[in-house]
Amino acid sequence: MAESERRGLGCWSPAEWGQRLLLVLLVGSCSGRIHRLALTGEKRADIQLNNFGFYTNGSLEVDLSLLRLSPGETDDKSPLVGFSLSRARSGSVRSYSAQDSHECPLHRNSSNLLVLFLINTKNLQVQVRKYGAQEKLFISPGLLPRVPSHPGLPEAAPTVTPEAKAGGGNSTASKAPAKPAGSQGPPEKSKDLVLHLGHLNDSYNFSFHVVIGSRAEEGQYSLNFHNCYNLMPGQERPFDLTVMIREKNPQGFLSAAEIPLFKLYLVMSACFLAAGIFWVNMLCRNTYNVFKIHWLMAALAFTKSISLLFHSINYYFINSQGHPIEGLAVMHYITHLLKGALLFITIALIGSGWAFVKYVLSDKEKKIFGIVIPLQVLANVAYIVLESREEGASDYGLWKEILFLVDLTCCGAILFPVVWSIRHLQDASGTDGKAAVNLAKLKLFRHYYVLVICYVYFTRIIAILLRVAVPFQWQWLYQLLVEGSTLAFFVLTGYKFQPAGDNPYLQLPQEAEEDIQTEQVMTDSGFREGLSKVKKTVSAREQL
Numbered sequence: 001m002a003e004s005e006r007r008g009l010g011c012w013s014p015a016e017w018g019q020r021l022l023l024v025l026l027v028g029s030c031s032g033r034i035h036r037l038a039l040t041g042e043k044r045a046d047i048q049l050n051n052f053g054f055y056t057n058g059s060l061e062v063d064l065s066l067l068r069l070s071p072g073e074t075d076d077k078s079p080l081v082g083f084s085l086s087r088a089r090s091g092s093v094r095s096y097s098a099q100d101s102h103e104c105p106l107h108r109n110s111s112n113l114l115v116l117f118l119i120n121t122k123n124l125q126v127q128v129r130k131y132g133a134q135e136k137l138f139i140s141p142g143l144l145p146r147v148p149s150h151p152g153l154p155e156a157a158p159t160v161t162p163e164a165k166a167g168g169g170n171s172t173a174s175k176a177p178a179k180p181a182g183s184q185g186p187p188e189k190s191k192d193l194v195l196h197l198g199h200l201n202d203s204y205n206f207s208f209h210v211v212i213g214s215r216a217e218e219g220q221y222s223l224n225f226h227n228c229y230n231l232m233p234g235q236e237r238p239f240d241l242t243v244m245i246r247e248k249n250p251q252g253f254l255s256a257a258e259i260p261l262f263k264l265y266l267v268m269s270a271c272f273l274a275a276g277i278f279w280v281n282m283l284c285r286n287t288y289n290v291f292k293i294h295w296l297m298a299a300l301a302f303t304k305s306i307s308l309l310f311h312s313i314n315y316y317f318i319n320s321q322g323h324p325i326e327g328l329a330v331m332h333y334i335t336h337l338l339k340g341a342l343l344f345i346t347i348a349l350i351g352s353g354w355a356f357v358k359y360v361l362s363d364k365e366k367k368i369f370g371i372v373i374p375l376q377v378l379a380n381v382a383y384i385v386l387e388s389r390e391e392g393a394s395d396y397g398l399w400k401e402i403l404f405l406v407d408l409t410c411c412g413a414i415l416f417p418v419v420w421s422i423r424h425l426q427d428a429s430g431t432d433g434k435a436a437v438n439l440a441k442l443k444l445f446r447h448y449y450v451l452v453i454c455y456v457y458f459t460r461i462i463a464i465l466l467r468v469a470v471p472f473q474w475q476w477l478y479q480l481l482v483e484g485s486t487l488a489f490f491v492l493t494g495y496k497f498q499p500a501g502d503n504p505y506l507q508l509p510q511e512a513e514e515d516i517q518t519e520q521v522m523t524d525s526g527f528r529e530g531l532s533k534v535k536k537t538v539s540a541r542e543q544l
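Residue numbers (the UniProt record's numbering): 1 to 544.
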């Protein structure tokens, strides 16, 4: 449980509980690309702290301000606690193969894209071991100065000794020869770098920074913390951890794959806005064939545009300041929640034929909405939690699984109304004497079913495969595919169900039956003989 979550829980009133819960969900504790994680009573053996794509002259700073282990873990000579910094070969695939769950990652040296930071609490040292291509990686103790003294490789800050940092640690601990803090360039290959480990009371601390010095070192890096004492189930020992991580590229605080996202979301926001304006213009020119569902589709396009606009602004401030503006982040989360709910509700309503073919949903369709709407709320809460929490938080993996499963469930649930409409039209096409109209609608519903299936596959499956396959600097193509597929889905859905008089979806068979019966009554009685019948499309629309 995070330290900040344990402070003063019993002193809050019910109103304060609600306010603080909303604040946590909408703002959270994550500060963009400057990460701060505090864990107390943690029992996990492996904690994935963060992933980041670095260009040349990019930097990673890690400040472990507190590490408190169980008493028995500080006496072993062999280091079983530390960090690992690995570089992915392509996409987001890990740079080392899957390992045995009971094998300590700190004792592996098979990867040629791996750096280990082994914490030796007995000798108060941190051994830095580099393997293969990572031997040239520039690593030095301390943190970087906030403003580099000159272009090129940033200078290392003067070594922050743990004694000064902790206010009186063990100053007699021996040090192995380390790279001078003020020098530039990689350390010697023949010797492992050794950092000093500060000790105050029962806690330990140290800091280091990494600089990407050449194009050969660019890539997607993953930073993890390992406590191999907790590998055996049932024998876990709790520990406390407080760490600050600051990642930066020459262009700003965004990862390599996120740098183009500000412009991408801004352009896509303009595209959805243009599509919404065009759709409203079409509705105003075809007043007599417009239903409420058409205006709901317009609201969805504008909500999507606003959501992307706030998302773009958030990335701009994260890149320049390292963290988003809280008010803009809240607006993004609110519009994202509305957009998600409107999207699935609109798809389900179109598939069920509401307002076009019928005005009342069946019991089965009402159950679908009773499932999809709460699940969408849960999915959006999971998205907000993931955006606001640190990757190393204890519940991060749980919320990630919840979001994935709930999103797939919603995607499957919205297909049921379309399938039911297709079956109804198949049964009605040969029995009610209106085969031509029903066959045209059947063809349209089949096209819409295929359209929804393609949208789900492109945005949930193919996009994820693309993200894994492409190099780290091109992973923004994942977001491009998702937003482009969404725009194409909106445009094609609007084209298929546009308010046109010859659209088979707008031809109501129920009204046709009533007109035929009315005409037969008037002919048999002789009343109003010679008058032509008037369609009820306008009156039916006005009743909505």
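C-beta atoms are modelled at their ideal positions from N, C-alpha and C, and glycine is treated no differently.
It should be emphasised that the depicted structure is a prediction, and the values quoted were computed from it without experimental measurement.
Non-local C-beta neighbours of Q473 in its own chain, meaning closer than 7 angstroms and more than five positions away in sequence, comprise G53, A256 and A257, ordered along the chain. Between F445 and I422, the beta carbon gap of about 5 angstroms places them in contact (Cβ cut-off 8 angstroms).
The Cβ-Cβ distance between V194 and V128 falls below 9 angstroms. By the neighbour-count criterion, in which 16 or more other beta carbons inside 10 Å mark a residue as buried, P233 falls on the exposed side.
The criterion of a C-beta distance shorter than 9 angstroms is satisfied by M268 and L308. With a threshold of 16 other beta carbon atoms within 10 Å, N249 meets it and is buried. Here E42 is buried. Its C-beta has 16 or more other C-beta atoms within 10 Å. According to DSSP, E42 shares a beta bridge with F239. Per DSSP, reduced to three states, the secondary structure at Y55 is coil, with no helix or strand assignment. When the five nearest sequence neighbours on each side are left out, the beta carbons in the same chain lying within less than 7 angstroms of the beta carbon of H294 are those of L283 and P499, in order along the chain.
Rounded to whole angstroms, S485 and I34 show a C-alpha spacing of 32 angstroms. Counting along the chain, the unbroken alpha helix (DSSP H) around V330 starts and ends at E326 to S352.
The shortest C-alpha to C-alpha distance from I345 to any of F369, M331 and R44 is the one to F369.
Its chain contains V115 and L137 as the residues whose beta carbon lies nearer than 7 angstroms to that of K130, once the 5 sequence neighbours on both sides are disregarded; these appear in chain order.
W420 is positioned such that its CB atom lies closer than 9 angstroms to that of E365. H332 sits close to N314, with the two beta carbons spaced by under 9 angstroms.
For the 9 angstroms CB-CB criterion, N380 and S222 do not form a contact. With contacts defined as CB atoms closer than 9 angstroms, Y229 and S70 qualify as a contacting pair. The alpha helix (DSSP H) runs of length 4 or more contained entirely in the stretch 457 to 501 are, from start to end of the chain, 463 to 469 and 477 to 496. For L223, there is no enclosing alpha helix (DSSP H); the enclosing beta strand (DSSP E) has its first and last residue at G219 to N227. For I245, the three-state secondary structure derived from DSSP is strand. Bounds of the beta strand (DSSP E) holding F83 are V81 to R87.
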